[in-house]
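Numbering follows UniProt numbering, with no gaps: position 116 of the sequence shown is 116.
Positions of the beta carbon are idealized from the N, C-alpha and C atoms, including for glycine.
Everything below concerns the one structure shown next.
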Amino acid sequence: HYEEGKKKWFKQDCLKISAVGHPHKQKNYPNLINAVEILKNEKKINCQVIIAGEGSEKNKIEAMIDEKNLNNEITLVGSITNPISLIEESDLLVLSSSYEGFGMVIVEALSVGKTVVSTDCHSGPSEIIRDNEFGYLCKVDNSLDLAEKIVFAKENKIDPEKLINRSKEFSLDRIGSLYEEMLATIN
């Protein structure tokens, strides 16, 4: 069983990927599962993905993992109280979403110096990570592009200090003004 905060999330000698977010349709975990299948079978990359969160798509996602024989590569751990402990131990945080709100988990990953790979979905990710500057963006609902960006991120780590400094730009005051701007576009 997984013990939060005790660095027992991942096995050793693999690319460690965290995915934090409730398994709902918007998170598009099938996109991530297909990307992991490509990483394993085509790119020959040994990786482990841990998905944290509870949601309506959990059974569907577990069935897809079984069907693709990816149980050694992907684990769903349900809700966890301290997702930062998972993110800190990982090499990358990956968001495979079809759409996102602000994407606070991206800022959390940056705050501990972790590289982020995210779909370039509507709203937060591109605003926060700016492609190739503070993370890497891939096309929405394109598993091959996601897999290729994961490989690229693995080989092109971004300086953790740069990522930590970027996260500081998203203080509560900054986030509040972003929400105000977003709400203004709705009216």
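Under a three-way DSSP split, which group does residue i fall into?
| i | result |
| --- | --- |
| M182 | helix |
| L70 | coil |
| residue 245 | A query on residue 245 cannot be resolved here, the shown segment of the chain reaching from 1 to 187 and no further. |
| K44 | coil |
| E85 | According to the sequence shown, residue 85 is Ser rather than Glu. Residue state, collapsed to three classes: helix. |
| D13 | coil |
With DSSP as the reference, please indicate the residues paired to residue i in a beta bridge.
| i | result |
| --- | --- |
| I51 | A19, L76 |
| N29 | The question names Asn, yet the displayed sequence has Tyr at residue 29. Answer is none; Y29 lacks a bridge partner. |
| G116 | According to the sequence provided, residue 116 is Val. The question's Gly does not apply to it. Note: V116 sits in a beta bridge opposite L93. |
| H122 | Y99 |
Just to confirm my understanding: we take residue i, look at its own chain, exclude 5 residues before and 5 after, and list those with CB closer than 6 Å. What are they?
| i | result |
| --- | --- |
| P160 | G113 |
| A35 | S143, L146, A147 |
| G55 | H22, P23, H24 |
| A153 | L92, T115, V117, Y136 |
| F170 | V107 |
| P83 | V20, A52 |
| K168 | none |
For residue i, which residues in the same chain have their Cβ closer than 7 Å to its Cβ, ignoring the five residues on either side in sequence?
| i | result |
| --- | --- |
| A109 | I87, L93, V116 |
| E37 | K68, L70 |
Which first and last residues belong to the beta strand (DSSP E) in which residue i is found?
| i | result |
| --- | --- |
| residue 189 | What is shown of the chain runs 1 to 187, which leaves residue 189 out entirely. |
Starting from residue i and walking both ways along the alpha helix (DSSP H), at which residues does that stretch end?
| i | result |
| --- | --- |
| R130 | That residue, R130, is in no alpha helix (DSSP H); it is neither H nor E in DSSP. |
| S167 | 160-168 |
| S143 | 143-155 |
Tell me whether residue i, by its Cβ, gets closer than 7 Å to a heavy atom of the ligand GDP.
| i | result |
| --- | --- |
| N72 | No copy of the ligand GDP occurs in the structure displayed, which carries no ligand at all. |
*Would you check if the segment 126-133 and the segment 39-52 touch, i.e. whether three or more CB-CB distances between them fall below 8 Å?*
Verdict: no, contact absent.
_Assess contact between the segment 94-108 and the segment 59-72, defined as three or more Cβ pairs (one per stretch) separated by less than 8 Å. Is contact present?_
Flag = no, the segment 94-108 and the segment 59-72 do not touch.
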